[in-house]
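> I have a structure here, written as structure tokens, and I will follow up with some questions on it.
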Amino acid sequence: MGTPSDGPRRRAYLRAAGVALSTAVAGCGGRSPPSKESVVGPYRDRFEAVIDVGELGADGTGTEPVDDVLNRSMRDGALFYFPPGTYRLTELDLSGRSNCGFVGNDATLLVPPEEQGNWIYGERVRNLLFDGFTFDYADPAAAPVVAFSVAGKRNVLRDLAFEGHHGTTPRSGLELEVPKRAASLLVERVRMRGGSKKGNAIFTHSGDGSLQFVDCRVEHWAEGLYASPHSGPLLVRGGTYANNGIDQIRIGGGTSGARVEGATVRIDGPRNPEVKPNMRGIWLEEGTNARVDNCTVEITDLTGTYSSGGIVVEKQFGTARITNTAIQTNHSVPAIHVRTPTTEYDPTTMPSMDHLPANHEVTCENVSIYGAAPKGTAILLAGRDGCRLSDVTVQHHFGSRDGITIESGRRTEIHDAHLRVSGTPIVASGTTPLTKNVETGGIGSLRRLGDSLLDSM
216 MGTPSDGPRR RAYLRAAGVA LSTAVAGCGG RSPPSKESVV GPYRDRFEAV IDVGELGADG
276 TGTEPVDDVL NRSMRDGALF YFPPGTYRLT ELDLSGRSNC GFVGNDATLL VPPEEQGNWI
336 YGERVRNLLF DGFTFDYADP AAAPVVAFSV AGKRNVLRDL AFEGHHGTTP RSGLELEVPK
396 RAASLLVERV RMRGGSKKGN AIFTHSGDGS LQFVDCRVEH WAEGLYASPH SGPLLVRGGT
456 YANNGIDQIR IGGGTSGARV EGATVRIDGP RNPEVKPNMR GIWLEEGTNA RVDNCTVEIT
516 DLTGTYSSGG IVVEKQFGTA RITNTAIQTN HSVPAIHVRT PTTEYDPTTM PSMDHLPANH
576 EVTCENVSIY GAAPKGTAIL LAGRDGCRLS DVTVQHHFGS RDGITIESGR RTEIHDAHLR
636 VSGTPIVASG TTPLTKNVET GGIGSLRRLG DSLLDSM
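Under this note's numbering, the first residue of the sequence shown is numbered 216, with each subsequent residue one higher.
Structure follows, in structure tokens:
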């Protein structure tokens with residue numbers, strides 16, 4: 216058998232051998248990569264051409280950068296296919312591109328080891344597709360950003376895994392902007408579990424377009440999904456957000472009304488708690504007309520840190536509905552914390568709004584709260600008029616935990632509630648709430664309630 220000579224033939228041989236080896240190793244685990252057609256097929260009708268970077272000579276061993284191969288072939292209407300392998304990418308600027316796509320088949324992109332700002336990015340990118348890649352942040356000193364500002368209705372980031380820790384760099388892993396109402400962006404099954412001591416996982420700039428996060432997983436960052444500046448329609452559906460500082464999910468949505476549906480939120484093992492003050496669950500930070508539905512929130516370990524609540528409705532937020540949701544709190548923090556509305560508009564802290572919300576009612580319906588929290592209160596309503604709680608169950612059997620605390624809120628209604636707490640079921644200062652069908656279960660007492668509350672108990 217002859218030996219490949221030095222030069223281009225030898226490099227091509229080594230690349231082929233490396234790809235074959237990586238494919239064989241993948242097969243050792245009992246899983247073979249999908250076929251090329253199964254990866255490319257769903258997108259063929261959308262693009263004018265499919266370009267296989269392996270056929271163009273891109274190094275799939277992670278040794279040589281693939282920038283030149285991509286730049287020579289880059290054009291609108293093209294779908295770039297990455298066969299199984301590891302690819303070294305220094306920078307990819309897609310600014311101004313239209314209907315440009317990238318799909319990976321067990322493909323890994325190596326993050327450049329040197330310090331830099333953006334890595335894979337683009338301004339005014341129209342109808343972008345990025346699907347099926349692992350971003351390998353192997354060097355802890357490097358944390359370049361993946362950042363896109365999009366136009367058009369068919370922008371998709373799907374099945375992307377950010378592997379590795381972002382260290383102490385105060386940068387986001389993913390920055391997004393959907394500036395125009397006619398634009399939309401779907402972020403689906405993005406996994407960001409490596410974390411960071413200073414950076415947030417996902418940051419969204421202000422924008423009026425439609426933005427969706429579906430079945431994503433974000434864990435151990437200094438801040439989780441920071442989406443409150445976005446003023447257009449905002450949806451967070453499914454996924455897991457866990458052990459991030461500041462918040463797990465932070466929404467705004469302006470007046471469009473943000474939605475969080477079917478998400479799992481956990482604080483059960485914070486890493487580096489010294490850099491993660493106030494580990495909120497879902498934070499309604501600015502905006503109005505939001506809904507949190509069918510979510511699970513668990514606060515079971517706050518070692519070295521603290522939290523202002525499982526679901527927190529901030530001072531700058533207007534109306535909100537919390538429905539069909541279960542919240543576990545094993546620490547003395549509110550499961551639901553509704554704060555007194557502010558009376559001063561500050562555009563620097565409310566980029567999704569151009570004025571304060573006019574209404575501030577919060578509704579809780581079919582909400583279950585439980586856990587081993589020994590003190591404090593399960594639900595804290597402060598300074599909000601017209602709040603309504605119905606079909607709410609609270610079970611805290613330890614210590615002196617109260618059920619519902621109302622501070623200076625008028626016209627509060629509590630209907631069909633089951634409050635089995637070790638402390639006082641309802642604590643009201645100021646105006647007495649209207650109650651109907653409230654069951655206490657005999658654990659707490661009503662010593663702080665006025666006689667008018669006993670009409671239906």
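The beta carbon of each residue, even a glycine, is placed where N, CA and C say it ideally should be.
1) If you drop the 5 nearest sequence neighbours on each side, which residues of the same chain put their C-beta closer than 6 Å to that of E654?
2) Are I466 and L517 close, meaning C-beta to C-beta below 8 Å?
3) For L229 and A541, what's the separation of their Cα atoms in angstroms?
4) Check this for me: beta carbons of L365 and L400, under 8 Å apart or not?
5) Identify which residue in T349, F350, I335 has its Cα closest to the Cα of L343.
6) Would you call G172 buried or exposed, if buried means 16 or more other Cβ atoms sit within 10 Å of its Cβ?
7) Shortest alpha-carbon distance to V284 belongs to which of T592, D260, V268, E559?
8) Can you name the start and end residues of the beta strand (DSSP E) that E279 belongs to?
9) Kindly indicate which three-state DSSP category K251 falls into: helix, strand or coil?
10) What do you get for T558, buried or exposed, if any count of 16 or more other CB atoms within 10 angstroms of its CB means buried?
11) Start and end of the beta strand (DSSP E) containing F377?
12) Let me check one thing: in DSSP terms, what residues is Y296 bridge-paired to?
13) Residues in its own chain within less than 8 Å of S615 by CB, not counting five upstream and five downstream?
14) For L325 and A437, I'd like the C-alpha separation in whole angstroms.
15) Entirely within the segment 577–661 and at least 3 residues each: give me those beta strand (DSSP E) ranges in chain order.
16) On the DSSP letters alone, give me the boundaries of the beta strand (DSSP E) that W498 sits inside.
17) Quick one: Cα of H552 to Cα of I526, how far?
18) Let me know the secondary structure DSSP gives G242 once reduced to three states.
19) In chain order, what residues of the same chain lie with their CB nearer than 6 Å to the CB of S644, ignoring the 5 residues before and after it?
20) Can you list, in chain order, the residues of its chain with a C-beta nearer than 7 Å to that of P453? Leave out the 5 residues immediately preceding and following it.
21) In its own chain, which residues sit with a C-beta less than 6 Å from the C-beta of G656, not counting the 5 before and 5 after it?
22) State the beta-bridge partners of L426 as determined by DSSP.
23) C579 to T650, Cα distance in whole Å?
24) Report the rounded CA-to-CA distance for P488 versus G460, giving the unit in angstroms.
25) Counting C-beta neighbours from all protein chains within 10 Å, is the total for S247 16 or more, i.e. buried, or is it exposed?
26) If you follow the beta strand (DSSP E) that Y560 is part of, which residue opens it and which one closes it?
27) What's the call for A322, buried or exposed, on a 16-neighbour Cβ count within 10 Å?
28) Quick one, are the C-beta atoms of A358 and G414 less than 8 Å apart?
29) Is the segment 591–606 touching the segment 559–568, taking contact as three or more C-beta pairs under 8 Å?
30) Grouping DSSP H, G and I as helix and E and B as strand, with all else coil, what is L309?
31) Just how far apart, CA to CA, sit R312 and Y456?
32) DSSP three-state call for E529: helix, strand or coil?
33) Return helix, strand or coil for Y258, following the three-state DSSP convention.
34) Closest by CA to T555, which one among G624, G388, I514, E434?
35) To the nearest angstrom, report how far apart T503 and E628 are at their CA atoms.
36) Could you tell me the alpha carbon to alpha carbon distance between A232 and V281, rounded to whole angstroms?
Taking the geometry as given:
1) H633
2) no
3) Since pLDDT at L229 reaches only 40, below the 50 mark, its modelled position is unreliable, and the value read off the structure follows with that caveat. If you take the alpha carbons of L229 and A541, they lie about 55 Å apart.
4) Here the sequence assigns Val to residue 365, which means Leu is not the residue at that position. Result yes, Cβ atoms of V365 and L400 sit closer than 8 Å.
5) I335
6) The question about residue 172 has no answer here: the residues shown for the chain are numbered 216 through 672.
7) V268
8) 276–280
9) helix
10) exposed
11) 370–378
12) D267, V318
13) P589, K590, S637, G638
14) 23 Å
15) 577–585, 592–597, 603–611, 617–622, 628–636, 641–644, 649–654
16) 497–499
17) 6 Å
18) Residue placement at G242 cannot be trusted, given a pLDDT of 45 that sits under 50; the coordinates are not used to answer.
19) E622
20) Correcting the residue identity first, residue 453 is Gly in this sequence and not Pro. Cβ neighbours of G453 beyond the five flanking positions: V429, D430, G477, A478.
21) R635
22) L400, L449
23) 14 Å
24) 8 Å
25) exposed
26) Careful: Y560 lies outside any beta strand (DSSP E) and carries neither H nor E.
27) buried
28) yes
29) no
30) coil
31) 32 Å
32) coil
33) helix
34) G624
35) 20 Å
36) Confidence at A232 is low in this model, with a pLDDT of 43, below 50, so the placement of that residue should be treated as unreliable; the coordinate-derived value is given next. Cα to Cα, the separation comes out at about 17 Å.
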